[in-house]
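Novice: End of the sequence shown sits at 137 in the working numbering; the numbers just go up one at a time, nothing left out. Ideal placement from N, C-alpha and C gives every residue a C-beta, glycine not left out. Here it is, the structure in full.
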Amino acid sequence: MPLWVKCVIFASRKTPLLPAMIKVSTQARNQVIQMMQSDGYDISDSFVRVGVKSGGCSGLSYELKFDKTLGDEDKLFEDNDVRIVVDKKSFLYLVGTTLEYSGGLNGKGFVFNNPNANRTCGCGESFSL
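Written as structure tokens, this is what we have:
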């Protein structure tokens, strides 16, 4: 899809499309698209909502889900043909993060490579700053 078409599509939304502050690897993109389709989401009008909440063995944990509704304070990004939404509270924790996917027998599923994390737990699902 040409860039100008994307601008027209997103111009009707209140939240502008921002330069990617969260990157998506090719493997993660492929898995996101496959999972969205199997869950009945259309990649053209849906996105991945990524957030941070209190909890986990290191203090903060990641959230990842599919969504179609933008909040007033959400930030919308696109990388590798995947649209990502982050709420205002989680944004500073996630700037510079790369969403990756590790499959196979020893794979963990989605993995957040977060340069802001000082410590992560063994499972990779929680972190601290």
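With a Cβ-Cβ cutoff of 8 Å, do Val90 and Glu108 count as a contact?
Specialist: Their beta carbons are not under 8 Å apart, which means Val90 does not touch Glu108 by this criterion.
Novice: Between Asn121 and the rest of its own chain, which residues show a CB-CB distance below 7 Å, the 5 nearest in sequence each way excluded?
Specialist: So the qualifying residues of the chain are Thr105, Thr106, Glu108.
Novice: In angstroms with no decimal places, state the Cα-to-Cα distance between Phe18 and Ser52.
Specialist: Model confidence at Phe18 stands at a pLDDT of 37, short of 50, so the residue's coordinates are unreliable; what they give is reported in the following sentence. Going from the Cα of Phe18 to the Cα of Ser52 covers about 11 Å.
Novice: For the pair the segment 42-56 and the segment 80-96, tell me if three or more CB-CB distances fall below 8 Å.
Specialist: With the cut-off at 8 Å, the segment 42-56 and the segment 80-96 touch.
Novice: Considering only DSSP beta bridges, list what Thr106 is partnered with.
Specialist: Looking at the DSSP assignment, Thr106 forms a beta bridge with Lys31, Asn121.
Novice: Give me the residue from Gly111, Thr77, Leu72 with the minimum Cα distance to Ser98.
Specialist: The shortest C-alpha separation from Ser98 is found at Leu72.
Novice: What residue ranges within the segment 46-78 form continuous beta strand (DSSP E) runs of no fewer than 3 residues, ordered along the chain?
Specialist: Taking only runs of at least 3 residues, the beta strand (DSSP E) segments lying wholly in the segment 46-78 are 55-62, 68-75.
Novice: Keeping to the same chain, check which residues put their C-beta closer than 8 Å to that of Gln35; ignore five residues upstream and five downstream.
Specialist: Hits under 8 Å: Glu108, Tyr109, Ser110, Gly111.
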